[in-house]
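Numbering (the working numbering), first residue to last: 249 to 747.
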């Protein structure tokens, strides 16, 4: 299993499967043990019934000796105890009448013990337990004295006590054979094994049916219980997801379960350390900016003074080059500081709905004098009723200012620059187009890299302008692309905000 596939297995699903399997196994083991115990009890009950039936036959042999007449061959303690508790049997005439009609068990409850459970198996409408019994009465010399209509002439169970066999039709029988040494007779009583088998099947079905019907209910209850138990984790996840990147305040650990509190505590410690680290980096950046700006400003002032004093032309040219280098250094420091503040790992922008056309109008108004100095045409074309975009006003103003400033600096004097805004079904689009030298298609992706500058470019620069714009676009989840400019020449920088 790959990492990607494991990520789709939620904790609630794992708990549901684990608890469901454990519950099913536990329930299955309990049901199996209970069913096995019930089967043993059923067999004992049917065996006792066979023994009681044989007892009735033996008592019919000597009705005047009911208190002390018990076969000596019955060595089973359970059968002996059962025989000792056997109730008084009525007159032999009544019993013989019932037996000869093959309804001794069903027709005379006094002559026989109560029939065992499921004496008539479900689905068997005609076959009754009493009418399905068969019996034989033998003398010790092998002479058959009496038998039921469904009993064969041959001895059905030569073995004393309980035994199992199969008849000529393949049907199974459970037999009980007892010997009366006083009267020198033997009684054999048999019952179909189908009764026991049917009862066992019914017991298994009765035990398995609640399990099968209860499993969906069990899984549903487990699902609701797990969801309810994990609800605090879902709330915690939503709280963390909705946080702004700069929100490093501790998470409330009071509402989470005790098992999750160590994780929340560790996360709060991490947030605290991150806050301290970001504050230290921010202070370092601000201190470095102050320390760099101060000497650069002093050098710039001295160069300005030196250029306005009387000096030879070579000296003036050298001073002018030095002043350009200092100005470039100041601009580089400012852009580095801006880029550091826009680092996605440190940025803490606060977004709100903005009118991007208002920001574009302000930036174009601020940079219009610079375009006029270069005799360029700077035009703003904004569609009416533009939808608002979610963003940070200062960052978007800085992005647009960089784009328009780059267009002014890199477009030749007398060139044209158009800032356009439009909306479609996919969102709001802002484009800055010019008819300057443009950027070759094979280099359009590299210009977003920090400090990358196109070779043989006449205008000075730091190579950070478009990198800053790309950083701002990423923070706003907007796309920034480059294409050809006005009339198939120059450059168009297109910023698209998703709807």
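Glycine is no exception: its CB is placed at the ideal position from the N, C-alpha and C atoms.
Which listed residue (734, 737, 658, 648) has its alpha carbon closest to that of residue 720: 648
Is residue 530 helix, strand or coil by DSSP? helix
So residue 479 is in the alpha helix (DSSP H); what residue range does that whole segment cover? Where residue 479 is concerned, the enclosing alpha helix (DSSP H) stretches over 479 to 489.
Residue-chain proximity (residue 622, chain B), Cβ-Cβ < 8 Å: Annotation note: the requested chain B is absent from the structure, which comprises a single protein chain.
Euclidean distance between Cα positions of residue 262 and residue 653: 57 Å
Can you round the beta-carbon distance between residue 683 and residue 733 to whole angstroms, since I take them to be within the 8 Å contact cut? 6 Å
DSSP-derived helix/strand/coil call for residue 600: Under the three-state reduction of DSSP output, residue 600 falls in the strand class.
Looking only at its own chain, which residues have a Cβ that is under 6 Å from the Cβ of residue 655, when we skip the five neighbours before and after it? 665, 680, 682
Return helix, strand or coil for residue 440, following the three-state DSSP convention. If DSSP states are grouped into helix, strand and coil, residue 440 belongs with the strands.
Can you tell which of 399, 459, 696 has its C-alpha closest to the C-alpha of residue 216? Outside the displayed range of the chain (249 to 747) lies residue 216, so it cannot be described from this structure.
Straight-line gap, residue 448 to residue 477 (C-alpha atoms, nearest Å): Taking the Cα positions, residue 448 is about 41 Å away from residue 477.
Since I believe residue 440 is in contact with residue 421 (beta carbons under 8 Å), could you give me their beta-carbon distance rounded to a whole number of angstroms? Sure, about 6 Å apart at Cβ, within 8 Å.
I need the DSSP call for residue 629, collapsed to helix, strand or coil. Correct three-state label for residue 629: strand.
Going by C-alpha to C-alpha distance, which of 418, 396, 392 sits closest to residue 406? 392
Buried or exposed: residue 401, going by 16 or more other Cβ atoms within 10 Å of its Cβ? exposed
Outcome for residue 397 when other beta-carbon atoms lying within 10 angstroms are tallied against a minimum of 16: exposed
Whole angstroms are fine: how far does the CA of residue 259 sit from the CA of residue 270? 16 Å
Where do the ends of the alpha helix (DSSP H) carrying residue 492 lie? It is not in any alpha helix (DSSP H) - residue 492 carries neither H nor E in the DSSP assignment.
So, for residue 629: in the same chain, excluding its five sequence neighbours on each side, which residues have a beta-carbon less than 8 Å away from its beta-carbon? 666, 667, 668, 669
Any heavy atom of the ligand MN inside 7 Å of the beta-carbon of residue 658? The ligand MN is absent from the structure shown, which contains no ligand whatsoever.
In whole angstroms, what separates the C-alpha of residue 490 from that of residue 501? 17 Å
Would you identify the three-state DSSP class for residue 729, choosing helix, strand or coil? It is a strand residue.
Whole angstroms is fine: what's the gap from residue 485's alpha carbon to residue 520's? Each residue's Cα considered, the two are about 19 Å apart.
Give the secondary structure of residue 739 by DSSP, where H, G and I count as helix, E and B as strand, and everything else as coil. strand
Contact check, residue 739 vs residue 686 under 8 Å by CB: the rounded distance? 4 Å
When you compare the CB positions of residue 644 and residue 602, do they come within less than 8 Å of one another, or not? With a cutoff of 8 Å on beta-carbon distance, residue 644 and residue 602 are scored as near each other.
Rounded to the nearest angstrom, how far is the Cβ of residue 427 from that of residue 408, given a contact under 8 Å? 6 Å
Quick one: Cα of residue 566 to Cα of residue 693, how far? 36 Å
Option nearest residue 282 by Cα separation, candidates 455, 423, 387: That would be 455, whose Cα lies nearest to the Cα of residue 282.
Taking the straight line between their C-alpha atoms, what separation do you get for residue 435 and residue 381? 13 Å
By how many angstroms is the C-alpha of residue 425 removed from the C-alpha of residue 412? 11 Å
Would you tell me roughly how many angstroms separate the C-alpha atoms of residue 375 and residue 438, rounded to the nearest one? In this predicted model, residue 375 has a pLDDT of only 41, less than 50, meaning its place in the structure is not dependable enough to derive any value.
Between which two residues does the beta strand (DSSP E) containing residue 642 stretch? Residue 642 -> not in any beta strand (DSSP E); alpha helix (DSSP H) instead, spanning 641 to 658.
Span separating the alpha-carbon of residue 298 from that of residue 304: 10 Å
Just to confirm, are residue 634 and residue 604 a CB contact at a threshold of 8 Å? yes
Tell me where the beta strand (DSSP E) around residue 714 begins and ends. Here residue 714 belongs to no beta strand (DSSP E); instead the alpha helix (DSSP H) covers 713 to 723.
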